[in-house]
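Take any residue in the sequence shown, note its place counting from 1, add 3, and you have its number in the numbering used here.
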Amino acid sequence: MATEIEFSFAALNGSARRHIRVFQIHQFLDRFAMGLTVAVVALALTDRGMDLFQISLLFGVYSLTTMAMELPFGGLADSIGRKPVFLTAVVASLTSLALFLSTSNFHVLALSFALIGFGRALRSGTLDAWFVETFKAAAPNVDVQPALAKVQWANAVGLAIGATVGGLLPDIFGSVASSLGFSIYDVSYAASFGVMLGVLGFTMLAIVEEPRPKNVNALRQGFADVPLVIKDANLLALKHPALSILLAALAFFLMATNPVEVIWPTRAKPMLDEGYANTVIGVVTATYFFSIALGASLSPRISRIFKRRHAMTLAATFACLAGVQIALALQGNIIGFVTAFILYSVVLGVSETPASSILHRCVEDRQRSTMLSLRSLIQQLGAALGLVLAGAIAEIYSTPVAWIVGAVFLVIAVILSLVLVKRLAP
Numbered sequence: 004m005a006t007e008i009e010f011s012f013a014a015l016n017g018s019a020r021r022h023i024r025v026f027q028i029h030q031f032l033d034r035f036a037m038g039l040t041v042a043v044v045a046l047a048l049t050d051r052g053m054d055l056f057q058i059s060l061l062f063g064v065y066s067l068t069t070m071a072m073e074l075p076f077g078g079l080a081d082s083i084g085r086k087p088v089f090l091t092a093v094v095a096s097l098t099s100l101a102l103f104l105s106t107s108n109f110h111v112l113a114l115s116f117a118l119i120g121f122g123r124a125l126r127s128g129t130l131d132a133w134f135v136e137t138f139k140a141a142a143p144n145v146d147v148q149p150a151l152a153k154v155q156w157a158n159a160v161g162l163a164i165g166a167t168v169g170g171l172l173p174d175i176f177g178s179v180a181s182s183l184g185f186s187i188y189d190v191s192y193a194a195s196f197g198v199m200l201g202v203l204g205f206t207m208l209a210i211v212e213e214p215r216p217k218n219v220n221a222l223r224q225g226f227a228d229v230p231l232v233i234k235d236a237n238l239l240a241l242k243h244p245a246l247s248i249l250l251a252a253l254a255f256f257l258m259a260t261n262p263v264e265v266i267w268p269t270r271a272k273p274m275l276d277e278g279y280a281n282t283v284i285g286v287v288t289a290t291y292f293f294s295i296a297l298g299a300s301l302s303p304r305i306s307r308i309f310k311r312r313h314a315m316t317l318a319a320t321f322a323c324l325a326g327v328q329i330a331l332a333l334q335g336n337i338i339g340f341v342t343a344f345i346l347y348s349v350v351l352g353v354s355e356t357p358a359s360s361i362l363h364r365c366v367e368d369r370q371r372s373t374m375l376s377l378r379s380l381i382q383q384l385g386a387a388l389g390l391v392l393a394g395a396i397a398e399i400y401s402t403p404v405a406w407i408v409g410a411v412f413l414v415i416a417v418i419l420s421l422v423l424v425k426r427l428a429p
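Written out as structure tokens, the structure is:
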């Protein structure tokens, strides 16, 4: 394998620089559209008469659909092309938003959430793979991790700004929506629909992929090849020690961190005055995404400290997360909690691109989308297991105890990452 050249944006040719900028804009728009509904989804469902049990069932429909579809459609993207699969994901998202805006019926809402999961599965491992492959062609042997960090930064900023705007829109235009017979939260969903239409147009015009055969037989063969592609990807993960260790480390990482990301508002809200608690939670949610973006932008600098040994960067990041997660669990006042949570979010942002760089180094183009989907599936399984375990511990003991126990999984991830350092050593 050729030695990777250290990344320098200024030294890249015009094609590579344009490629990064185009994908940054694309990811910002896509995540901005998603972020518009993040801050209000639970409130919108409550406003539609859903109780907490029904809300949990709807999110369960989303998770089950995503996990069931991850690998098949990652394999399809490798077979028939990344751009058409992503465009189908956008159409699924638009359909989901339209259904949500049109109903208060639980069963129709369940279909809407299933389509969200379907769109998530279609998105996973599609244009990310396209970005890496096209970048490698435009800038051979250049370290891709800083380029991924730039995209991750745009991704997180899009979510952060989207969440902020999505929380403000109901307050600004809610009275207009109510006068027309809609929920005040429908304003955010309508805005998301409009931005998603923009994503559809931008993808069609700005994302350029070498066309693949589009006749019916080729499409049928693409679906027929999916099981073989999935089989090959799983065999690659099993036979490639570095990939197996990386995926295991990421599963333990999500087992520890997902419970913090999901249930932190229930820990923070009792520390706040009831009169402004929801406003503060909304602001901290946006700060969370901005902090992840900051961490992503810092990732290349931290990687240079470890001489671009991405596994060592990952081990150090997981070790920091374990310490900060314990510190977060021990906070008893809102100032200390928010300070620790911001630091935690920054370190989360740092962790993304080293793992992605290792994975992309280990796989070939023909399996890249499928492997990204396999990674997403394993991470979601780890996240689900961690959430169930943390919920049980929090119910018996407390949320801080659950988070401290979760830090043990991060220690396991550190150990696995150190093993990975040896595996990847020249």
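By construction, the Cβ of each residue, glycine as well, lies at the ideal position given by its N, Cα and C atoms. Just so you know, these numbers come straight off a predicted model, no measurement behind them.
DSSP state of residue i mapped onto helix, strand, coil
{"i": "Val147", "result": "coil"}
{"i": "Met4", "result": "With a pLDDT of only 41 at Met4, under the threshold of 50, the placement of this residue in the model should not be trusted; the figure read from the coordinates follows. Of the three classes helix, strand and coil, the one that applies to Met4 here is coil, per DSSP."}
{"i": "Leu3", "result": "Nothing about residue 3 can be read from this structure; the chain reaches only from 4 to 429."}
{"i": "Phe309", "result": "coil"}
{"i": "Asp131", "result": "helix"}
{"i": "Asn336", "result": "coil"}
{"i": "Glu398", "result": "helix"}
{"i": "Leu392", "result": "helix"}
{"i": "Asp174", "result": "helix"}
{"i": "Leu15", "result": "coil"}
{"i": "Arg72", "result": "The residue you asked about is not Arg; residue 72 is Met in the sequence shown. Looking at Met72 - three-state DSSP - the assignment turns out to be helix."}
{"i": "Pro214", "result": "coil"}
{"i": "Leu33", "result": "The question names Leu, yet the displayed sequence has Asp at residue 33. In this structure, Asp33 counts as helix in the three-state DSSP scheme."}
{"i": "Met53", "result": "coil"}
{"i": "Ala142", "result": "coil"}
{"i": "Leu380", "result": "helix"}
{"i": "Leu60", "result": "helix"}
{"i": "Leu423", "result": "helix"}
Closest residue to residue i among the options (Cα-Cα distance)
{"i": "Ala19", "options": "His110, Ser107, Thr137 and Val93", "result": "Thr137"}
{"i": "Ser420", "options": "Ser302, His313 and Glu264", "result": "His313"}
{"i": "Pro403", "options": "Leu331, Asp189 and Leu390", "result": "Leu331"}
{"i": "Tyr192", "options": "Val263, His22 and Gly165", "result": "Gly165"}
{"i": "Ile415", "options": "Asn144, Leu61 and Ala254", "result": "Ala254"}
{"i": "Val263", "options": "Arg85, Leu392, Asp189 and Val135", "result": "Leu392"}
{"i": "Phe185", "options": "Ala318, Asp50 and Lys139", "result": "Asp50"}
{"i": "Val135", "options": "Phe121, Leu377 and Ala152", "result": "Ala152"}
{"i": "Phe31", "options": "Gly161, Ala252, Ala14 and Ile248", "result": "Gly161"}
{"i": "Ile266", "options": "His29, Ala405, Leu423 and Met37", "result": "Ala405"}
{"i": "Leu208", "options": "Gly352, Ala141 and Ile28", "result": "Ile28"}
{"i": "Ser247", "options": "Leu67, Ala14 and Ala358", "result": "Ala358"}
{"i": "Ala142", "options": "Arg21, Val327, Phe309 and Val408", "result": "Arg21"}
{"i": "Ser99", "options": "Gly17, Met37, Leu390 and Gly177", "result": "Met37"}
{"i": "Phe432", "options": "Leu249, Leu324 and Asp33", "result": "The requested residue 432 does not occur in the structure, where the chain is confined to residues 4 to 429."}
First and last residue of the uninterrupted alpha helix (DSSP H) at residue i
{"i": "Tyr192", "result": "Asp189 to Ala209"}
{"i": "Val111", "result": "Phe109 to Arg126"}
{"i": "Thr49", "result": "Val44 to Asp50"}
{"i": "Glu264", "result": "Pro244 to Ala271"}
{"i": "Pro87", "result": "Arg85 to Ser105"}
Straight-line Cα distance separating residue j from residue i
{"i": "Ala299", "j": "Val349", "result": "8 Å"}
{"i": "Ala5", "j": "Arg126", "result": "Low local confidence applies: a pLDDT of 48 at Ala5 is under 50, so the model's placement there is unreliable, with the coordinate-based value given in what follows. Roughly 31 Å between the two C-alpha positions."}
{"i": "Leu203", "j": "Ser195", "result": "12 Å"}
{"i": "Val289", "j": "Val154", "result": "At residue 289 the sequence reads Ala, which differs from the Val that was named. Cα to Cα, Ala289 sits roughly 18 Å from Val154."}
{"i": "Phe103", "j": "Ser181", "result": "16 Å"}
{"i": "Leu200", "j": "Val25", "result": "17 Å"}
{"i": "Ala410", "j": "Tyr65", "result": "27 Å"}
{"i": "Gly339", "j": "Asp54", "result": "32 Å"}
{"i": "Asp174", "j": "Ser401", "result": "34 Å"}
{"i": "Ala387", "j": "Gln334", "result": "25 Å"}
{"i": "Ile107", "j": "Ala47", "result": "In the sequence under discussion, the amino acid at residue 107 is Ser, which differs from the Ile named in the question. Taking the straight line from one Cα to the other gives about 10 Å."}
{"i": "Glu212", "j": "Ala140", "result": "12 Å"}
{"i": "Tyr347", "j": "Val287", "result": "12 Å"}
{"i": "Phe309", "j": "Arg364", "result": "18 Å"}
{"i": "Glu355", "j": "Leu380", "result": "16 Å"}
{"i": "Leu413", "j": "Ala101", "result": "40 Å"}
Residue i: CB within 7 Å of a non-hydrogen atom of the ligand PLP
{"i": "Pro303", "result": "Here there are no bound small molecules, and the ligand PLP is not part of this structure."}
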